[in-house]
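Worksheet: the structure to be examined is printed underneath.
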Amino acid sequence: MFRDRSALLTLVLLLALISLPYIGAMALAPADKVFLQTFYNPQDTSVYLATMRAGARGEWLRTLPFTNEPQEPVLYYPFYLLLGHIAPPTALTYHAARLITTILMALALWALLAETLSAGQERHIAFVLSLLGMGLGWLVVVSGLWQVIRPTDLYAPTSTLIGASLANPHFPLAVALQCLILTLYLRARQTPYRPGTLLAAALAGLALSLTLPFQFFLTAAILMADAVVESLRARVRQAHHSPVGAKPDVEGAKPRASGLPPIIVGGLFVDAVIRARGFAPTAVMRAAGLIVLPGGVVLFYYLMLFAARRSAGEQLLLVWLAVNGLLIIGPLDFSDRMSLGFGIVLAALSAIALARVIPLHSPRLPDDAAAIEWLGANAGRADLVLAAPQIGNLIPALTDARIYAGHLYETFQAERKSAQTRVFFDSATSDDARRDFLWQQGVTLVYVHPGAYGQGDFDGTGAPFLKPVFRAGAITLYRVDREAY
3 MFRDRSALLT LVLLLALISL PYIGAMALAP ADKVFLQTFY NPQDTSVYLA TMRAGARGEW
63 LRTLPFTNEP QEPVLYYPFY LLLGHIAPPT ALTYHAARLI TTILMALALW ALLAETLSAG
123 QERHIAFVLS LLGMGLGWLV VVSGLWQVIR PTDLYAPTST LIGASLANPH FPLAVALQCL
183 ILTLYLRARQ TPYRPGTLLA AALAGLALSL TLPFQFFLTA AILMADAVVE SLRARVRQAH
243 HSPVGAKPDV EGAKPRASGL PPIIVGGLFV DAVIRARGFA PTAVMRAAGL IVLPGGVVLF
303 YYLMLFAARR SAGEQLLLVW LAVNGLLIIG PLDFSDRMSL GFGIVLAALS AIALARVIPL
363 HSPRLPDDAA AIEWLGANAG RADLVLAAPQ IGNLIPALTD ARIYAGHLYE TFQAERKSAQ
423 TRVFFDSATS DDARRDFLWQ QGVTLVYVHP GAYGQGDFDG TGAPFLKPVF RAGAITLYRV
483 DREAY
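Just so you know, we're using this note's numbering here: the sequence shown kicks off at 3 and counts up by one.
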């Protein structure tokens, strides 16, 4: 992350935004007033500072100093006890820890986005939106509706990373640990993976449970749901990879369900929410629930089916969205605690939409047409073209060349090959890895269009084994030079 200028500037801006209010409050406090070192929940801040004092006294087990009943010392707020052991229990230590944990959060977020998003442009957009993005609560305030609608981005600091980083140190630390666990989980799903990956994830989980138990519960729920989706996904892959000559049972590979069960579940769910929230379950409210909420249930249901066709990282984002969203609106006493970190998945999916659905660098179809026309005139059956699957799918229809990845069912193991294609065009992939991949697969031509069709920013420049043979706008066709191996 520190080698990426835009990411570094984003982090510096975040650190400034969460520091200047405190500096201003301390500097501008009236002579007869004392700033209590917090903009959010001063009662809890007193608890954290008191715990740091217990740590400074050498305690690892503490009793509650806010009550006079006899107590047995227990392990309670170990993070703040640790702070007290290593630094003076002052407001300066408290805020220094807040800034350090924010940096750790940014590092862990960057690592998670690198695992979940294939293109560099998507990662940058998601990183900026995650750290600096808020909601549209300001529109609610400006419109005067804030007395009726309480926007979470302004009234629940945990709903945004900038709000969480402004509040206290253990919020950004919990997000950092959650991102680390999810990153290690994705890396452990790769074959092979580095020894110690699972152990590191387990230790991060232990640290998260000691830092913020609610966040550990959320992370565990996401991982369990993703494991279930992955098991279903494996069955889909097995059904699609039927023997040559056999007709794939495409319909049979999809879970069958009528529209009735989601509607029944939706009605029961909204009734449970109404009762848990203390509202009178009138016939009108139940009728509204039967009409509106099942739409959300059906949406999540088909969202899970859609996840089965995504890469492992994108699947995790969709599962995260579904599980976290349901926990936030669910009838749980701590559902409001589930908003911490939810902005990350919203930012990541928004980045995918901006980079793919509404590309900031939109592919120019005339250039693609010109490149395919050149392939039609110069490439034959002996040529194997590596391109983004979306454009690769057109090449066999208009030329005699073969492609490495394209059609979802005509390409053998299309999902795996699409993932390998994204890795190839990722700017973070080494040239040695690209060269070995081209050699092993027998690729003769590479179709490069940086940032287009959800691919990475690799443009082929400087790779000694790629010789440009055609250019059209941002598109370059390279012939693989086997003498360079």
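We treat Cβ as the ideally placed atom computed from N, Cα and C, and that holds for glycine.
Inset, instruction - For residue 430, name the three-state secondary structure that DSSP assigns. - result: If you number the sequence shown from 1, residue 430 lands on position 428. Correct three-state label for residue 430: coil.
Inset, instruction - Pick helix, strand or coil for residue 474, following the three-state DSSP scheme. - result: Residue 474 sits at position 472 when you count from the first residue of the sequence shown. Correct three-state label for residue 474: strand.
Inset, instruction - Given a cut-off of 9 Å, decide if residue 462 and residue 448 are closer than it, judged by their beta-carbon atoms. - result: Locating residue 448 in the sequence shown gives position 446, where the first residue counts as 1. Locating residue 462 in the sequence shown gives position 460, where the first residue counts as 1. Contact flag set, yes.
Legend entry - Three-state secondary structure (DSSP) of residue 77: For the purposes of this step, residue 77 is taken as the residue at position 75 of the sequence shown. Of the three classes helix, strand and coil, the one that applies to residue 77 here is coil, per DSSP.
Inset, instruction - Could you have a look at residue 152 and say whether DSSP puts it in helix, strand or coil? - result: Taking the first residue of the sequence shown as position 1, residue 152 is located at position 150. Correct three-state label for residue 152: coil.
Inset, instruction - Find out if the Cβ-Cβ distance for the pair residue 20, residue 167 is shorter than 9 Å. - result: As a position in the sequence shown, residue 20 is number 18, starting the count at 1. As a position in the sequence shown, residue 167 is number 165, starting the count at 1. In this structure, residue 167 lies closer than 9 Å to residue 20 by Cβ.
Inset, instruction - Whole angstroms is fine: what's the gap from residue 81's alpha carbon to residue 34's? - result: Taking the first residue of the sequence shown as 1, we reach residue 81 at position 79. Taking the first residue of the sequence shown as 1, we reach residue 34 at position 32. Rounded to the nearest angstrom, the two C-alpha atoms are 33 Å apart.
Inset, instruction - Evaluate residue 455 with the Cβ neighbour count: other Cβ atoms within 10 Å of its Cβ, from every protein chain shown; 16 or more gives buried, anything less gives exposed. - result: For the purposes of this step, residue 455 is taken as residue 453 along the sequence shown, with counting starting at 1. Buried, because 16 or more other Cβ atoms sit within 10 Å of the Cβ of residue 455.
Inset, instruction - Indicate whether residue 216 and residue 339 have their beta-carbon atoms separated by less than 9 Å. - result: Residue 216 sits at position 214 when you count from the first residue of the sequence shown. Residue 339 sits at position 337 when you count from the first residue of the sequence shown. Going by C-beta atoms, residue 216 is nearer than 9 Å to residue 339.
Legend entry - Residues near residue 67 by beta carbon distance below 7 Å, same chain, minus five either side: Here residue 67 corresponds to residue number 65 of the sequence shown, with the count starting at 1. These residues qualify, in order along the chain: 52.
Legend entry - Coarse secondary structure for residue 318, derived from DSSP in three states: Reading the sequence shown from its first residue, position 316 is the one you call residue 318. Helix.
Inset, instruction - Quick one: give me the first and last residue of the alpha helix (DSSP H) that residue 187 is part of. - result: The sequence position of residue 187 within the sequence shown is 185, counting from 1. Residue 187 -> alpha helix (DSSP H) spans 172 to 190.
Legend entry - Presumed contact (8 Å Cβ cut-off) between residue 184 and residue 114, rounded CB distance: Counting from one through the sequence shown, the residue named residue 184 turns up at place 182. Counting from one through the sequence shown, the residue named residue 114 turns up at place 112. Sure, about 6 Å apart at Cβ, within 8 Å.
Inset, instruction - Assign residue 144 to one of three DSSP states: helix, strand, or coil. - result: For the purposes of this step, residue 144 is identified with residue 142 of the sequence shown, where counting begins at 1. Helix, per DSSP.
Inset, instruction - Just the C-alpha distance for residue 385 and residue 468, rounded to the nearest angstrom, thanks. - result: What you label residue 385 is simply residue 383 of the sequence shown in a count that begins at 1. What you label residue 468 is simply residue 466 of the sequence shown in a count that begins at 1. Rounded to the nearest angstrom, the two C-alpha atoms are 15 Å apart.
Legend entry - Span separating the alpha-carbon of residue 379 from that of residue 194: Walking along the sequence shown from the start, residue 379 turns up at place 377. Walking along the sequence shown from the start, residue 194 turns up at place 192. Cα to Cα, residue 379 sits roughly 41 Å from residue 194.
Inset, instruction - Kindly list the residues whose CB is nearer than 6 Å to the CB of residue 133, restricted to its own chain and excluding five residues on each side of it in sequence; keep chain order. - result: Within the sequence shown, residue 133 is the residue found at index 131, counting from 1. The residues are 12, 16 and 163.
Legend entry - Assigned exposure category for residue 44 - 16 Cβ within 10 Å defines buried: Translated into the one-based positions of the sequence shown, residue 44 becomes position 42. Exposed, by the Cβ-count rule.
Inset, instruction - For residue 59, name the three-state secondary structure that DSSP assigns. - result: By 1-based counting over the sequence shown, the position of residue 59 is 57. Note: residue 59 maps to coil in three-state DSSP.
Legend entry - Which of helix, strand or coil DSSP assigns to residue 447: On the sequence shown, residue 447 is found 445 positions in, with the first residue counted as 1. Strand at residue 447.
Inset, instruction - Apply the 10 Å Cβ neighbour rule to residue 434 and answer buried if 16 or more other Cβ atoms are within range, or exposed otherwise. - result: Here residue 434 refers to the residue found at position 432 when the sequence shown is read from its first residue. With fewer than 16 other Cβ atoms within 10 Å, it is exposed.
Legend entry - Own chain, CB closer than 7 Å to residue 209, minus 5 neighbours either side, in chain order: Counting from 1 along the sequence shown, the entry for residue 209 is found at position 207. Cβ neighbours of residue 209 beyond the five flanking positions: 179.
Inset, instruction - Can you tell me which of the three DSSP states residue 36 falls into? - result: In the sequence shown, the residue the question calls residue 36 occupies position 34. Looking at residue 36 - three-state DSSP - the assignment turns out to be coil, as it is neither helix nor strand.
Legend entry - Supposed close pair residue 128, residue 350 - CB separation, criterion 8 Å: Reading the sequence shown from its first residue, position 126 is the one you call residue 128. Reading the sequence shown from its first residue, position 348 is the one you call residue 350. Residue 128 to residue 350, Cβ: 4 Å. Contact.
Inset, instruction - Identify which residue in 408, 484, 322 and 414 has its Cα closest to the Cα of residue 118. - result: If you number the sequence shown from 1, residue 118 lands on position 116. Here the closest residue by C-alpha is 322.
Legend entry - For residue 431 and residue 481, believed in contact at Cβ under 8 Å, the rounded distance: Taking the first residue of the sequence shown as 1, we reach residue 481 at position 479. Taking the first residue of the sequence shown as 1, we reach residue 431 at position 429. Between residue 431 and residue 481 the Cβ distance is about 20 Å, and since that is not below 8 Å, they are no contact.
Inset, instruction - Decide if residue 485 is buried, meaning its Cβ has at least 16 other Cβ atoms within 10 Å, or exposed. - result: Against the sequence shown, residue 485 aligns to sequence position 483. Classification of residue 485: exposed, given that the 10 Å Cβ count is below 16.
Legend entry - Three-state secondary structure assigned by DSSP to residue 5: Taking the first residue of the sequence shown as 1, we reach residue 5 at position 3. Coil at residue 5, not helix or strand.
Inset, instruction - Determine, using beta carbons only, whether residue 96 and residue 157 come nearer to each other than 9 Å. - result: Position 94 of the sequence shown, counted from the first residue, corresponds to residue 96. Position 155 of the sequence shown, counted from the first residue, corresponds to residue 157. No, these two residues do not count as a Cβ contact at 9 Å.
Inset, instruction - May I ask which residues mark the beginning and end of the alpha helix (DSSP H) holding residue 388? - result: Along the sequence shown, one-based indexing puts residue 388 at 386. Here residue 388 belongs to no alpha helix (DSSP H); instead the beta strand (DSSP E) covers 386 to 388.
Legend entry - Through-space distance from residue 124 to residue 136, alpha-carbon basis: Indexing the sequence shown from 1 puts residue 136 at position 134. Indexing the sequence shown from 1 puts residue 124 at position 122. Using only the alpha carbons, I get a separation of about 18 Å.
Inset, instruction - Report the option in 227, 181 and 197 whose CA atom is closest to the CA atom of residue 538. - result: Residue 538 lies beyond the residue range present for the chain, which begins at 3 and ends at 487; the question has no answer from this structure.
Legend entry - Nearest candidate by alpha-carbon position, reference residue 425, set 192, 10, 85 and 36: Along the sequence shown, read from residue 1 onward, the residue named residue 425 stands at position 423. Cα-wise, what sits closest to residue 425 is 192.
Inset, instruction - Grab me the residues of residue 78's own chain with a C-beta within less than 7 Å of its C-beta, minus the 5 sequence neighbours each way, in chain order. - result: The residue you call residue 78 lines up with position 76 of the sequence shown. These residues qualify, in order along the chain: 64.
Inset, instruction - Within its chain, find whatever has a CB closer than 7 Å to the CB of residue 332; leave out the 5 residues flanking it on each side and keep chain order. - result: Indexing the sequence shown from 1 puts residue 332 at position 330. Nothing listed; no residue qualifies.
Inset, instruction - Measuring alpha carbon to alpha carbon, tell me which of 174, 84, 70 and 48 ends up nearest residue 59. - result: Translated into the one-based positions of the sequence shown, residue 59 becomes position 57. Answer by Cα proximity: 84.
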